[in-house]
Amino acid sequence: MSSRIPLPYAPRVLELFRNPQNLGHMKDATVSATAGSPACGDIIIIYLKINDETESVIKSSFESYGCASNIASASQLTILIGKLTLKEAWEITWKQVSDKLGKLPKIKTHCGSLAVGGLRRAIRKYYSEVNKKKPDWLPEEITKDEKHALEEEALAEKMKKKYVL
Amino acid sequence: MSSRIPLPYAPRVLELFRNPQNLGHMKDATVSATAGSPACGDIIIIYLKINDETESVIKSSFESYGCASNIASASQLTILIGKLTLKEAWEITWKQVSDKLGKLPKIKTHCGSLAVGGLRRAIRKYYSEVNKKKPDWLPEEITKDEKHALEEEALAEKMKKKYVL
Amino acid sequence: MEMKSVKELLEVHGKAEKDCYFDWENGSIVDVEVFNAMKPFFLEKGYGNPAITHRIGWESYEFYGIEKEKIANSINADSVNLALTFSSTESNNIAVIGTTRLDKKRKKILVSSVEHLSVIHAVKALYDQGIKIETIPVSHNGVVNLDILQEKLDENTLMVSLQSINHEIGTIQPVKEAIEIVKDKDEDIYFHTDASAAYGRIPLDFLDLNVDFGTISSQKILGPKSIAGLYVKDGIKLKSIYEGQLSVEILSPDVEYMPLLAGFAKAVEIQFNKFKEINEHTLKLRDKLMYGLQTTIPRVEINGPEGHHRAPDNVNVSFLGCEGEALTLESSMSGIFASSGSACTSRILMPSHILTAIGRKPEEAHGSFLMKLTRLNTEEEVNYTLETLPKVINRIRSITGGIEL
Amino acid sequence: MEMKSVKELLEVHGKAEKDCYFDWENGSIVDVEVFNAMKPFFLEKGYGNPAITHRIGWESYEFYGIEKEKIANSINADSVNLALTFSSTESNNIAVIGTTRLDKKRKKILVSSVEHLSVIHAVKALYDQGIKIETIPVSHNGVVNLDILQEKLDENTLMVSLQSINHEIGTIQPVKEAIEIVKDKDEDIYFHTDASAAYGRIPLDFLDLNVDFGTISSQKILGPKSIAGLYVKDGIKLKSIYEGQLSVEILSPDVEYMPLLAGFAKAVEIQFNKFKEINEHTLKLRDKLMYGLQTTIPRVEINGPEGHHRAPDNVNVSFLGCEGEALTLESSMSGIFASSGSACTSRILMPSHILTAIGRKPEEAHGSFLMKLTRLNTEEEVNYTLETLPKVINRIRSITGGIEL
Ligand SMILES: Cc1ncc(COP(=O)(O)O)c(C=O)c1O
Ligand SMILES: Cc1ncc(COP(=O)(O)O)c(C=O)c1O
Chain A
527 MSSRIPLPYA
537 PRVLELFRNP
547 QNLGHMKDAT
557 VSATAGSPAC
567 GDIIIIYLKI
577 NDETESVIKS
587 SFESYGCASN
597 IASASQLTIL
607 IGKLTLKEAW
617 EITWKQVSDK
627 LGKLPKIKTH
637 CGSLAVGGLR
647 RAIRKYYSEV
657 NKKKPDWLPE
667 EITKDEKHAL
677 EEEALAEKMK
687 KKYVL
Chain B
527 MSSRIPLPYA
537 PRVLELFRNP
547 QNLGHMKDAT
557 VSATAGSPAC
567 GDIIIIYLKI
577 NDETESVIKS
587 SFESYGCASN
597 IASASQLTIL
607 IGKLTLKEAW
617 EITWKQVSDK
627 LGKLPKIKTH
637 CGSLAVGGLR
647 RAIRKYYSEV
657 NKKKPDWLPE
667 EITKDEKHAL
677 EEEALAEKMK
687 KKYVL
Chain C
-7 MEMKSVKELL
3 EVHGKAEKDC
13 YFDWENGSIV
23 DVEVFNAMKP
33 FFLEKGYGNP
43 AITHRIGWES
53 YEFYGIEKEK
63 IANSINADSV
73 NLALTFSSTE
83 SNNIAVIGTT
93 RLDKKRKKIL
103 VSSVEHLSVI
113 HAVKALYDQG
123 IKIETIPVSH
133 NGVVNLDILQ
143 EKLDENTLMV
153 SLQSINHEIG
163 TIQPVKEAIE
173 IVKDKDEDIY
183 FHTDASAAYG
193 RIPLDFLDLN
203 VDFGTISSQK
213 ILGPKSIAGL
223 YVKDGIKLKS
233 IYEGQLSVEI
243 LSPDVEYMPL
253 LAGFAKAVEI
263 QFNKFKEINE
273 HTLKLRDKLM
283 YGLQTTIPRV
293 EINGPEGHHR
303 APDNVNVSFL
313 GCEGEALTLE
323 SSMSGIFASS
333 GSACTSRILM
343 PSHILTAIGR
353 KPEEAHGSFL
363 MKLTRLNTEE
373 EVNYTLETLP
383 KVINRIRSIT
393 GGIEL
Chain D
-7 MEMKSVKELL
3 EVHGKAEKDC
13 YFDWENGSIV
23 DVEVFNAMKP
33 FFLEKGYGNP
43 AITHRIGWES
53 YEFYGIEKEK
63 IANSINADSV
73 NLALTFSSTE
83 SNNIAVIGTT
93 RLDKKRKKIL
103 VSSVEHLSVI
113 HAVKALYDQG
123 IKIETIPVSH
133 NGVVNLDILQ
143 EKLDENTLMV
153 SLQSINHEIG
163 TIQPVKEAIE
173 IVKDKDEDIY
183 FHTDASAAYG
193 RIPLDFLDLN
203 VDFGTISSQK
213 ILGPKSIAGL
223 YVKDGIKLKS
233 IYEGQLSVEI
243 LSPDVEYMPL
253 LAGFAKAVEI
263 QFNKFKEINE
273 HTLKLRDKLM
283 YGLQTTIPRV
293 EINGPEGHHR
303 APDNVNVSFL
313 GCEGEALTLE
323 SSMSGIFASS
333 GSACTSRILM
343 PSHILTAIGR
353 KPEEAHGSFL
363 MKLTRLNTEE
373 EVNYTLETLP
383 KVINRIRSIT
393 GGIEL
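Residue numbers (my numbering), protein chains in the order written: chain A, 527 to 691; chain B, 527 to 691; chain C, -7 to 397; chain D, -7 to 397.
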């Protein structure tokens, strides 16, 4: 047994884990992006189908390799995304996700932030690969939530070096 | 609660504690001697009535301020003394007493030795105060069992200094 | 010593017509209600590890959270400020050793001269690490001398440890005043109180007291042994004194065990729901017993204070001219179970350090007889004891006969 | 997190038609017989302190002596060579910290890379005192590399600690050979084996092994938690790691508690009287479960060795493409309780050090699933699990969908 923590999820996490909303690969996605790494045991793919004219989401979905709160966070995020404009979707924070989930256990907040990181990546990708008119509201620098995702990926690289023989 | 030890006496100790043989002050004692000190919580008085001609014990008795094994040791010793000659009585060792008691717990062996110390003191006293022909078999130097008793008395003096305010 | 002989010893000992158990300081049963509270957790519930993510684990975690809070409430603390430990001994050691790691510069620990050995020995064991113990003397009633405490405080003082009630002579210590003196002098001096003997006997409000560490005990309120507690004030990050996997409890790795926690919590519930009732009950029995013995038996001295300065459950008297070990044995044969501070019961053949600290001569200490009263003791037992002990004392004194002390 | 929410969480979780508990590594009930053995000692017997001179104390002492001997016999030791402790964690710490006090010159402690954290962390915590830990690598099956052990031994080596069976992947370690290598090199190097996971699973003869210290566990044989043991070879004078009054047990002051001792001894009686039967039973279930899963579910890897090199009670497999925490949760909802070495279940968000030590990639470790089998598990439970887990794995894998690992 390794070094455990109690993870008393709020009921909402379990509900979404049991019946994830907007789960699955999206064949006709306009754009998709991945965050996390298998080494950390946490990957999320966010798929977005986007209305290019209104620059708003038509539908979103996710896939997840990760723990219950990872799955629930991604699902909760897609629910929050709904049909928001990309500008509005960009503004969703991990705190909002965590709050909707009844507050994630402290050590699990990175799950919420990973999902948000994935979404922002997808939005950036949309504006760099699909719709090349980068809007004013899209910051040049990466945001805190994106940084979290990057940090986790960097940690994974480190772990890989350390542990894979 | 202070620093305890288990004291699993052999049944014989309890028997003699409950029904001590040869207990009590002896009015017509030829000689008596005390060993131990109240500070240690261990005192024994040995009374001997002696036949001056045969230099043997007519009867012996004891009084004790002390724990169960102290009482039992003294009583057991008087039983061993019986009607022995003083020379024979001198040779009784604490080990004999302890063996008769089903072996005293290690930490309690001093009880046996205190009783023997008292007896030897009484015998020396007899030859120095009553019958002044000191026999050959009586050693000049004090014996190991007598030393034990002395050591305990010395310890008591030390404790008195240390603890009495 | 063969175990077979202990059996024979017990046969020779026999049983008295009645058993009156007063040796609660040294060992106790649990309440039937406490037992019933533990039972399901041994056999069917809460056996999951509360740190594991599955139903059985969460069920344990839920129970753990609720029950621990009940215990914490009994000292007006938050759950997060109460560490579960295996024993009061461990709690005391964690507090002592822990502070030496929190502040490596200060090297002096002050303790009253009547602290429990688990405090005194814990401090002395740190000698190699440069830690010095200084003991603060007590009055003839065992009350710590606050003036001397004040004098001894200096910039080298790491911690002060003063128990809430003395476990042997029932002295209620002026902990509140002591804390004020210490904190007035220097906020950074840690204050620990071993409240094992006080828990459930006098009100304890650790938050209000502004104490840094406080030890509480399950067995002393007729809960199970092998579980106890250490209160740690908010903001103090103590370290455990030994290491393991991290689990829910941090100061003692792998300590959380639901059956014992259930028992502890139930004992708390009983003791604190009937706090006044229980303490009035034991107080009545205490005085009846203590003064009864003094009235019917010559040469009896009370050890420790009287009245409301004394713990409501504590009777400790010295029968002069009686050696305590013989006394506990003779009274045991009459069905009365108590302990003594006599040297003859101790590994080092020294009388109780507490009795000598209050100025008892060794021969007074040797005759000491400690009885405690709990909610399970009855007036009938006290009556029986008052009838029986005079005979016990007589016989022991008759063995002593003419020996002058 | 409010406790109220844990309750709601449990409501959302619901209960499956059947409960199959395999998480014995992390928590356990006691046998009914064990419970019945403890009961009288909570309520009516043996509540005296075995160090006190009265009937109730002696009754406890007698019982203590007899029962402790039963436990000692189970490892072919004398009673005096077995110290009772509160947990295996404490036993391991006493052995580690204890040796550093026995020999102050030597500073190197060698441990296998798959030791329990209570060994590894105990050693690491001594860094300040100049103690260095060196880990000996293991094979892909978790077997310690004896050549490297041999190479690393030098005149600075204080102790070697090698568990008898790995608690996570079931590797039976070559302890006998390791001891010979160590003692051949230098008799003065101490050898400790943490036999917590081996106790009752393989024969353990500590005397014959010539081991210096050995940790055994009550809870691992369905006895109560909060009691464990440490074997200490004749002639070695270990010191306790914290201090208190001296009582009957010396290494952990105030540890002796008759109800738990009664439970431990009864668990020993059951486990060792039916030693062969129990281990054949769990071995059969183990292989049925382990190979059954491998047959019915794609991409399943066994962690640890197979056949007689593996503990008879240990099933540990990795379901590739599944994250372990989600797995334990999904299986929990189907009534199957197990644990995972996934990073997501750990406080430091790192996968089990044991799985990475045997060369599992993190993503393999994350999908690990540990189940243990005891005498209380049934073939029916194994059948249910073999039917149910494929669905569990399917669902988890379906959430992962197209993510490539
Ligand atoms: C005041 C005090 N502190 C500490 C202890 C030690 O308690 P435990 O047996 O839980 O270690 C006791 C018990 O005898 C006590 O009375
Ligand atoms: C091999 C091993 N050592 C030590 C321990 C710690 O046991 P305890 O919970 O008794 O401290 C465990 C239990 O998880 C274990 O499996």
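Backbone N, C-alpha and C define an ideal beta-carbon position, used for all residues, glycine too. Here the structure is a predicted model, which is why all the values come from computation and not from measurement.
Excluding sequence positions up to five away, which residues of its chain have a Cβ less than 6 Å from the Cβ of D11 of chain D? One-based indexing of the fourth sequence puts residue 11 of chain D at position 19. If we look at D11 of chain D and ignore the five residues flanking it on each side, its Cβ neighbours are G327.
Cβ-Cβ separation, I618 of chain A to L645 of chain A (assumed contact under 8 Å), whole Å: For the purposes of this step, residue 645 of chain A is identified with residue 119 of the first sequence, where counting begins at 1. For the purposes of this step, residue 618 of chain A is identified with residue 92 of the first sequence, where counting begins at 1. Their Cβ separation, rounded to whole angstroms, is 7 Å, which keeps L645 of chain A and I618 of chain A in contact under 8 Å.
Sequence ranges, beta strand (DSSP E) only - wholly within the segment 207 to 264 of chain D, length at least 3: 220 to 224
Could you check if N148 of chain D is buried or exposed, using at least 16 other CB atoms within 10 Å of its CB as the buried criterion? By 1-based counting over the fourth sequence, the position of residue 148 of chain D is 156. Classification for N148 of chain D: exposed.
Buried or exposed for S324 of chain D, please, with buried defined as at least 16 other CB atoms from any protein chain shown within 10 angstroms of its CB. For the purposes of this step, residue 324 of chain D is taken as residue 332 along the fourth sequence, with counting starting at 1. The residue is buried, with at least 16 neighbouring Cβ atoms inside 10 Å.
Within this structure, are the beta carbons of G134 of chain C and G296 of chain C separated by less than 8 Å? Position 142 of the third sequence, counted from the start, is the residue given in the question as residue 134 of chain C. Position 304 of the third sequence, counted from the start, is the residue given in the question as residue 296 of chain C. Going by C-beta atoms, G134 of chain C is nearer than 8 Å to G296 of chain C.
By the DSSP assignment, the alpha helix (DSSP H) with D139 of chain D in it spans what residues? Locating residue 139 of chain D in the fourth sequence gives position 147, counting from the first residue. That run of the alpha helix (DSSP H) goes 138 to 144.
If I follow the unbroken alpha helix (DSSP H) through A187 of chain C, where does it start and stop? Numbered from its first residue, the third sequence carries residue 187 of chain C at position 195. Here A187 of chain C belongs to no alpha helix (DSSP H), and DSSP marks it neither H nor E.
Mind pulling the alpha helix (DSSP H) runs of 4 or more residues that sit fully within the segment 1 to 42 of chain D? 24 to 35
Helix, strand or coil for E581 of chain A? Go by DSSP, reduced to three states. One-based indexing of the first sequence puts residue 581 of chain A at position 55. It is coil, neither helix nor strand.
On the DSSP bridge assignment, give the partners of K364 of chain C in chain order. Taking the first residue of the third sequence as position 1, residue 364 of chain C is located at position 372. DSSP, once it has assigned bridges, lists C:N306 as partnering K364 of chain C.
Verify the contact flag: D15 of chain D, CB atom, against every heavy atom of ligand 2, threshold strictly below 7 Å. By 1-based counting over the fourth sequence, the position of residue 15 of chain D is 23. False, no ligand heavy atom lies under 7 Å from that Cβ.
Determine the burial state of K273 of chain D: buried for a count of at least 16 other Cβ atoms within 10 Å of its Cβ, exposed for fewer. Position 281 of the fourth sequence, counted from the first residue, corresponds to residue 273 of chain D. Here the sequence assigns His to residue 273 of chain D, which means Lys is not the residue at that position. Buried is the call here.
Considering only C-alpha positions, which residue in the set C:I233, C:I208, C:L312, C:D70 is nearest to G227 of chain C? By one-based count along the third sequence, residue 227 of chain C stands at place 235. Nearest of C:I233, C:I208, C:L312, C:D70 to G227 of chain C, Cα basis: C:D70.
Closest Cα partner of A594 of chain A within the set A:K609, A:T635, A:Q622: The residue given as residue 594 of chain A occupies position 68 in the first sequence. Nearest option by C-alpha distance: A:T635.
Between I173 of chain D and the rest of its own chain, which residues show a CB-CB distance below 7 Å, the 5 nearest in sequence each way excluded? Looking up residue 173 of chain D in the fourth sequence gives position 181. Counting only Cβ-Cβ distances below 7 Å, and skipping sequence neighbours, we find L138, L141, Q142.
Could you name the residues of the segment 360 to 391 of chain C whose beta carbon sits closer than 7 Å to any beta carbon of chain B, in the order they occur along the chain? I391
Under 7 Å from the C-beta of L533 of chain A: neighbouring residues of chain C: By 1-based counting over the first sequence, the position of residue 533 of chain A is 7. Ordered by position in chain C, the residues that pass the 7 Å Cβ test against L533 of chain A are T45.
Whole-angstrom C-beta distance between L603 of chain B and V4 of chain C, which should lie under 8 Å: Residue 4 of chain C sits at position 12 when you count from the first residue of the third sequence. Residue 603 of chain B sits at position 77 when you count from the first residue of the second sequence. Actually they do not touch by this definition, with Cβ atoms about 20 Å apart.
Put H345 of chain C into one of helix, strand or coil per three-state DSSP. Here residue 345 of chain C refers to the residue found at position 353 of the third sequence. Correct three-state label for H345 of chain C: helix.
So what does DSSP say about L691 of chain B, is it helix, strand or coil? In the second sequence, the residue the question calls residue 691 of chain B occupies position 165. In this prediction, L691 of chain B scores a pLDDT of 31, lower than 50, which makes its location untrustworthy; the coordinate-derived value is nonetheless stated afterwards. Looking at L691 of chain B - three-state DSSP - the assignment turns out to be coil, as it is neither helix nor strand.
Selection from B:E614, B:L549, B:W663, B:S586 that minimises the alpha carbon distance to V557 of chain B: Looking up residue 557 of chain B in the second sequence gives position 31. Ranking B:E614, B:L549, B:W663, B:S586 by Cα distance to V557 of chain B puts B:S586 first.
Within 8 Å of any Cβ in chain B, is that where the Cβ of V152 of chain C sits? Position 160 of the third sequence, counting from 1, holds the residue named residue 152 of chain C. With 8 Å as the cut-off, V152 of chain C does not count as an interface residue toward chain B.
E655 of chain A and I395 of chain D closer than 8 Å at C-beta: Against the first sequence, residue 655 of chain A aligns to sequence position 129. Against the fourth sequence, residue 395 of chain D aligns to sequence position 403. Not in contact: E655 of chain A and I395 of chain D (Cβ atoms no closer than 8 Å).
Tell me which same chain residues have a C-beta within less than 8 Å of the C-beta of N548 of chain A, skipping the five on either side of it? As a first step, residue 548 of chain A is located in the first sequence; it is residue number 22 there, counting from the start. If we look at N548 of chain A and ignore the five residues flanking it on each side, its Cβ neighbours are K585, S586, S587, F588, S601, T604, I605.
Is T81 of chain D near ligand 2, going by C-beta to nearest heavy atom under 7 Å? By one-based count along the fourth sequence, residue 81 of chain D stands at place 89. Yes, ligand 2 has a heavy atom inside 7 Å of this Cβ.
So, at 8 Å on beta carbons, what are the nonlocal neighbours of E261 of chain C in its own chain, with the 5 sequence-adjacent residues on each side left out? In the third sequence, residue 261 of chain C corresponds to position 269, counting from 1. Excluding sequence neighbours, E261 of chain C sits near K62.
Could you check where the beta strand (DSSP E) with E126 of chain C kicks off and where it finishes? By 1-based counting over the third sequence, the position of residue 126 of chain C is 134. Segment 124 to 128, the beta strand (DSSP E) holding E126 of chain C.
Shorter than 7 Å, the distance from the beta carbon of G19 of chain D to the closest heavy atom of ligand 2, or not? The sequence position of residue 19 of chain D within the fourth sequence is 27, counting from 1. Checking the Cβ of G19 of chain D against ligand 2 gives no.
Environment of T165 of chain C [buried if 16+ CB atoms lie within 10 Å]: What you label residue 165 of chain C is simply residue 173 of the third sequence in a count that begins at 1. Just to set this straight, residue 165 of chain C is Gln in the shown sequence, not Thr. It is buried - the Cβ of Q165 of chain C has at least 16 other Cβ atoms within 10 Å.
Do you know whose CA, among B:Y573, B:P564, B:L630, lies nearest D554 of chain B's CA? Here the question's residue 554 of chain B lines up with position 28 in the second sequence. Residue B:Y573 is the option with its Cα nearest to D554 of chain B.
Go ahead and pull the three-state DSSP assignment for K62 of chain C. For this step, residue 62 of chain C is matched to residue 70 along the third sequence. Here K62 of chain C sits in helix by DSSP.
Proximity test, Cβ basis, 8 Å: P661 of chain A and chain D: As a position in the first sequence, residue 661 of chain A is number 135, starting the count at 1. False, the Cβ-Cβ gap to chain D never drops below 8 Å.
Can you tell me whether S131 of chain C is buried or exposed, with buried defined as 16 or more other CB within 10 angstroms of its CB? The sequence position of residue 131 of chain C within the third sequence is 139, counting from 1. Exposed, since its Cβ has fewer than 16 Cβ neighbours within 10 Å.
Out of C:I208, C:V307, C:H113, which has the shortest C-alpha to C-alpha gap to S105 of chain C? For the purposes of this step, residue 105 of chain C is taken as residue 113 along the third sequence, with counting starting at 1. Checking every option, the nearest Cα to that of S105 of chain C belongs to C:H113.
At a CB distance below 7 Å, what residues from the segment 304 to 331 of chain C approach chain G? Give them in sequence order. Included in the structure are the protein chains A, B, C and D, with no chain G among them.
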